[in-house]
Each structure stands twice: as structure tokens, then as C-alpha cells.
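Visitor: What follows is a structure written as C-alpha cells; I'll ask about it next.
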Amino acid sequence: MKNSSLRYGAEVADALRDGRPVVALESTIISHGLPHPDNIRVAREIEEAVRATGAVPATIGMIGGELIVGLDESQVSHLASAEGVAKLSVRDLAVAAARRADGATTVAATSAVAAAAGIGVFATGGLGGVHREANVTFDESADLTTLARTPIVVVCAGVKSILDVPATLERMETLGVTVVGYRTLRFPGFFITDSGYELDWAVDSPEQIAEMIAAQAALGATAGATVVANPLPAGEQLDTALHDRTLADGLALLEQNKVTGKAVTPFLLSYFHSATEGASLATNVRIILRNATLAGQIAVASAARS
Numbered sequence: 009m010k011n012s013s014l015r016y017g018a019e020v021a022d023a024l025r026d027g028r029p030v031v032a033l034e035s036t037i038i039s040h041g042l043p044h045p046d047n048i049r050v051a052r053e054i055e056e057a058v059r060a061t062g063a064v065p066a067t068i069g070m071i072g073g074e075l076i077v078g079l080d081e082s083q084v085s086h087l088a089s090a091e092g093v094a095k096l097s098v099r100d101l102a103v104a105a106a107r108r109a110d111g112a113t114t115v116a117a118t119s120a121v122a123a124a125a126g127i128g129v130f131a132t133g134g135l136g137g138v139h140r141e142a143n144v145t146f147d148e149s150a151d152l153t154t155l156a157r158t159p160i161v162v163v164c165a166g167v168k169s170i171l172d173v174p175a176t177l178e179r180m181e182t183l184g185v186t187v188v189g190y191r192t193l194r195f196p197g198f199f200i201t202d203s204g205y206e207l208d209w210a211v212d213s214p215e216q217i218a219e220m221i222a223a224q225a226a227l228g229a230t231a232g233a234t235v236v237a238n239p240l241p242a243g244e245q246l247d248t249a250l251h252d253r254t255l256a257d258g259l260a261l262l263e264q265n266k267v268t269g270k271a272v273t274p275f276l277l278s279y280f281h282s283a284t285e286g287a288s289l290a291t292n293v294r295i296i297l298r299n300a301t302l303a304g305q306i307a308v309a310s311a312a313r314s
């Protein structure tokens, strides 16, 4: 346990003390990513998927200004249903703590807090990245710069298809963020299996990823994250024609309603949910459960090497 200013759930504290495998989980999927009451159900399922691998889940969030690593069931329910839960990136953590806020951590904030807590593996749905027309708006997720300086393995289904995928891959290369495909050399596009872009490296097992973690520590040459891009099987992805049509319509509505910044992702995910009559929600759940399972397997393999 590296940071005594954080509050740890009892199970997570015991696991970290004993050197047992732990997987960090974000809380924005609970408060901002999924509709109520699906968010509470899915939060439980995600933690159960991690437990099934032999690892301990550590859902991270803020309650009354206190950062908690390992939210209990009542705290998860609070973030899932309370009004005014803030969406917290790294820059928001200190001010939210000072204001005694309730907050849900993004990929960036969860990664930073997890690393500070001594947790080396994090499961999420999809990363943030470079937004479309960023050459005009300069809109780029803090996920990227945070991952460039945070030593953690992030298991995800690529970046959300609402983003500029090739620009995001270029930025991760520039920032020194390692990206590997899990049993593929094609970068996934969140709801869809293949975003249309290639990767340089693939890994075939949790044990290979554990070897990468050990090699990074031994080399001491890089301090950034490793992104493990874990695509849905083609048979489980959102229908590609439906995806492309929904995305085009959603982007048009963004412009029409002048939605920007942090509001973009929840707006589009909500639109996907309604426009696909729930099909995108089911896909989203499959994504995070598969990623939680793989992250748990990686954490277990890494702990076995210690």
C-alpha cells in the first residue's frame, strides 16, 4: 500500500498487504456511463467477473471528498443513484476533495489513484482520446497524457468509436504509451471488433502480459502505461451498419445541440442506447465484463511471478 492519504476498503487493504492480485475499476461507468438501475447491477457483475479469476476488485470513487480504493456495496449504490455526482478527471481530484464532493473517477483519475495505491492492473470499457476536429477544438482526453506518466496496465476495448481513432493512436505513440492487441493486430473500436487500424504488437496470454509488466519494471526505462486492447469477438459486436448509422446521427445531434467537453461521451452513449433500442448497452456490458475477466487473469499471473 503506497498512499496513506487514500481510504482503502477492508478487502482491498488486506489483499494489497498480502501481495494478492487486485484489479482497479472505475466508477464513471456507474454514475455516468450506464442508466439506472442497470448501473448497479452491472457494477456488481463487473466485480464478480474479477473475483471469478481469483483477483480482488477495487472500484475507485470519491464519497464526501474522500477517495476510496475499494468501494463497498452501499457506496457503489450511492454513486449510482445520488444527484450531482461529479465526473472526476485527475485535475478535479484535489478541488473535489476540498469541496467534500461525491465523485466518480474517469479512466485518467482511476489510473492515477490505482497507481498511487500500488495497484498495477485496471479494467475499463474504452479509453478516451483525440476528439474529431481536435485540430480546431483542441479537445483531447486527459486519459492520454495521464497514461503517459502512469505505470499501469489498462485493459480496454480500444477507444470509443466517437473519437478520431488514427489521431488517438498517433498521440499514444508520441506520448510513449505502449499499445498491444490481445490475440490480434487490429485495434478494436469499442462497440465494434475492428476499428480499421493496425497495431505493431500482439500478446497471446495473461502470462505474456505479466512478463511485459516484469520486463518494464526490470528495464526501468519507461514510466508509462501499457494499453491491452481486447476486442469483442465478431459475433458479439454491435451490428456494424447499425453502429455506423447511429454514430453519424449522434455526431450530427452533438453539433446541433452544441454539446462539448465532458458532456460528449455520456450524451453519445445515451443516444446509442436509445437509437439501438438497448443493443449498445448490452454490447457495452459484454465489453466491460470481458475486460474485467482478462484484467483479473493478468493480475493473477503477475502476482504469481512475485
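Residue numbers (the numbering used here): 9 to 314. Glycine included, every Cβ here is placed at the ideal spot set by N, Cα and C. Remember, it's a predicted structure, so these values are computed and weren't measured experimentally.
#1: Considering only the beta carbon of each residue, do A175 and L207 sit closer than 8 angstroms?
#2: Write down the C-beta distance between G133 and I295 rounded to the nearest angstrom, noting that I regard them as a contact closer than 8 angstroms.
#3: Taking contact to mean 3 or more Cβ pairs, one atom from each stretch, closer than 8 angstroms, check whether the region 55–65 and the region 86–94 are in contact.
#4: Leaving out five residues before and five after Y190 in sequence, what residues of the same chain have Cβ atoms less than 7 angstroms from its Cβ?
#5: With DSSP as the reference, label T67 as helix, strand or coil.
#6: I want to know whether the region 157–170 touches the region 194–206 - three or more CB-CB distances under 8 angstroms.
#7: Measure the CB-CB distance between D151 and G136 and report whether it falls below 8 angstroms.
#8: How would you call Q315, buried or exposed, if buried means at least 16 neighbouring beta carbons within 10 angstroms?
#9: Could you tell me the distance, in whole angstroms, from the CA atom of G228 to the CA atom of V272?
#10: Pair every Cβ in the region 238–254 with every Cβ in the region 186–200, then say whether three or more of these pairs are closer than 8 angstroms.
#11: Using alpha carbons as the reference points, say which of Y16, I170, S82 and G41 lies closest to G126.
#12: List the whole-angstrom C-beta distance separating L75 from A105, where the pair is believed to meet the contact cut-off of C-beta under 8 angstroms.
#13: With DSSP as the reference, label R157 as helix, strand or coil.
#14: Whole alpha helix (DSSP H) runs in the region 35–97 with 4 or more residues, listed along the chain?
#15: Let's test the definition: count the other Cβ atoms within 10 Å of the Cβ of D172 and tell me whether it reaches 16, buried, or not, exposed.
#16: Alpha helix (DSSP H) containing E263: first to last residue?
#17: Since I believe V121 is in contact with S77 (beta carbons under 8 angstroms), could you give me their beta-carbon distance rounded to a whole number of angstroms?
#18: Using CA atoms only, rank isn't needed, just tell me which of A131, T154 and L24 is closest to N299.
#19: Is T230 helix, strand or coil by DSSP?
#20: What is the DSSP secondary structure of L359, counted as helix, strand or coil?
#21: With a 10 Å radius around its C-beta and 16 neighbouring C-beta atoms as the bar for buried, classify N143 as buried or exposed.
#22: Put V211 into one of helix, strand or coil per three-state DSSP.
#23: Taking only runs that begin and end inside the region 112–155, name each unbroken alpha helix (DSSP H) of 4 or more residues, in chain order.
#24: Distance, Cα to Cα, L259 vs L246?
#25: Does the Cβ of P43 have 16 or more other Cβ atoms within 10 Å, making it buried, or fewer, making it exposed?
#26: State yes or no: is the C-beta of H251 within less than 8 angstroms of the C-beta of I170?
#27: Give a yes or no on whether the C-beta atoms belonging to R28 and A311 are separated by under 8 angstroms.
Guide: Reading it off the structure:
#1: no
#2: 5 angstroms
#3: no
#4: V211, V236, A237, N238 and L302
#5: Looking at T67 - three-state DSSP - the assignment turns out to be strand.
#6: yes
#7: yes
#8: Lying before the first or after the last residue shown, residue 315 is absent from the chain, which here runs from 9 to 314.
#9: 37 angstroms
#10: yes
#11: Y16
#12: L75 to A105, Cβ: 7 angstroms. Contact.
#13: coil
#14: 46–60 and 81–89
#15: Under this definition D172 is a buried residue.
#16: T248 to N265
#17: Residue identity check: residue 77 is Val in the sequence provided, not Ser. At roughly 7 angstroms, the Cβ-Cβ gap stays under 8 angstroms, so V77 and V121 are in contact.
#18: A131
#19: coil
#20: An answer regarding residue 359 cannot be provided, because it is not within the stretch 9 to 314 covered by the chain.
#21: By the neighbour-count criterion, in which 16 or more other beta carbons inside 10 Å mark a residue as buried, N143 falls on the exposed side.
#22: strand
#23: 115–125 and 142–145
#24: 18 angstroms
#25: Classification of P43: exposed, given that the 10 Å Cβ count is below 16.
#26: In this structure, H251 sits away from I170, with a CB-CB distance that is not shorter than 8 angstroms.
#27: yes
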